[in-house]
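One structure below.
Residue numbers (my numbering): 5 to 68.
Next up, the structure:
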């Protein structure tokens, strides 16, 4: 995953939750809660960028 992939994903999340928080741990960035309604088109883009839905973190995540 590139820096641009992470930035593009965060920009999509910003559209759905402008005041949302993100968190980062050792090798993972948590973007937005899974219960956030995201369009199918944006979900597809996120997946193409390398973001995945992760139940452990209850959010869309990017592993670095």
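For glycine and all other residues, C-beta sits at the position ideal for the given N, C-alpha and C.
Is the separation between the beta-carbon of residue 54 and that of residue 5 shorter than 8 Å?
Within the chain shown, numbered from 1, the residue matching residue 54 stands at position 50. Within the chain shown, numbered from 1, the residue matching residue 5 stands at position 1. Yes, they are a contact pair.
Using DSSP bridges, identify the partner residues of residue 58.
The residue you call residue 58 lines up with position 54 of the chain shown. For residue 58, DSSP records a beta bridge to 63.
Under the three-state reduction of DSSP, which class applies to residue 24: helix, strand or coil?
Residue mapping note: residue 24 aligns to position 20 of the chain shown, counting from 1. Secondary structure of residue 24 (DSSP, three-state): coil.
Residues in the same chain with beta-carbon distance under 8 Å from residue 16, minus the five sequence neighbours each way, listed in chain order, please.
Counted from its first residue, the chain shown places residue 16 at position 12. Cβ neighbours of residue 16 beyond the five flanking positions: 42, 46, 49, 50.
Residue 14 to residue 27, Cα distance in whole Å?
Here residue 14 corresponds to residue number 10 of the chain shown, with the count starting at 1. Here residue 27 corresponds to residue number 23 of the chain shown, with the count starting at 1. Spanning the alpha carbons of residue 14 and residue 27 requires a straight line of approximately 12 Å.
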